[in-house]
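Notes follow the structure.
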Amino acid sequence: MMRIETKSGYKAYHCTATEIKITGGKGICDSCGKPHRLGYLIPVLNRWYCEGCFNEWDNSTRFYGSDNAVEQRVDAYYRQMIPLTG
Ligand SMILES: [Zn+2]
21 MMRIETKSGY
31 KAYHCTATEI
41 KITGGKGICD
51 SCGKPHRLGY
61 LIPVLNRWYC
71 EGCFNEWDNS
81 TRFYGSDNAV
91 EQRVDAYYRQ
101 MIPLTG
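Numbering (my numbering), first residue to last: 21 to 106.
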């Protein structure tokens, strides 16, 4: 998975369906429920979104600093499970 910049300021990773399967994910978008080969892991939501759903979320969400502890904990979990690339 590869770290990307978000408009919202939250952490996110470009993450393939194959990579998310390491954690028990199925490559199904947690928002629209459709299968995708490529998606975005969003630690603060603990969700994996397809590109369309990710962009919709990133364009409409607001950053709250109070989410930081949850984001850090979930982010650390995924980073130990899935190697970073790029
Ligand atoms: Zn989706």
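A virtual CB, placed ideally from N, CA and C, is assigned to each residue, including glycine.
Contacting residues, own chain, Cβ-Cβ under 6 Å from residue i (five flanking each side not counted)
i	result
ASP78	THR26, LYS27 and SER28
ALA32	ILE24, THR26, TYR60 and ILE62
ARG57	ALA37
PHE74	TYR60
Any non-hydrogen atom of ligand 1 closer than 7 Å to residue i Cβ
i	result
TYR69	yes
SER51	yes
GLY45	no
CYS35	no
Beta-carbon separation (whole angstroms), residue i vs residue j, contact threshold 8 Å
i	j	result
HIS34	TYR60	6 Å
CB of residue i within 8 Å of CB of residue j, strictly
i	j	result
TYR98	THR43	yes
Cβ shell of residue i (< 8 Å), same chain only, five flanking positions each side left out
i	result
THR105	MET21 and MET22
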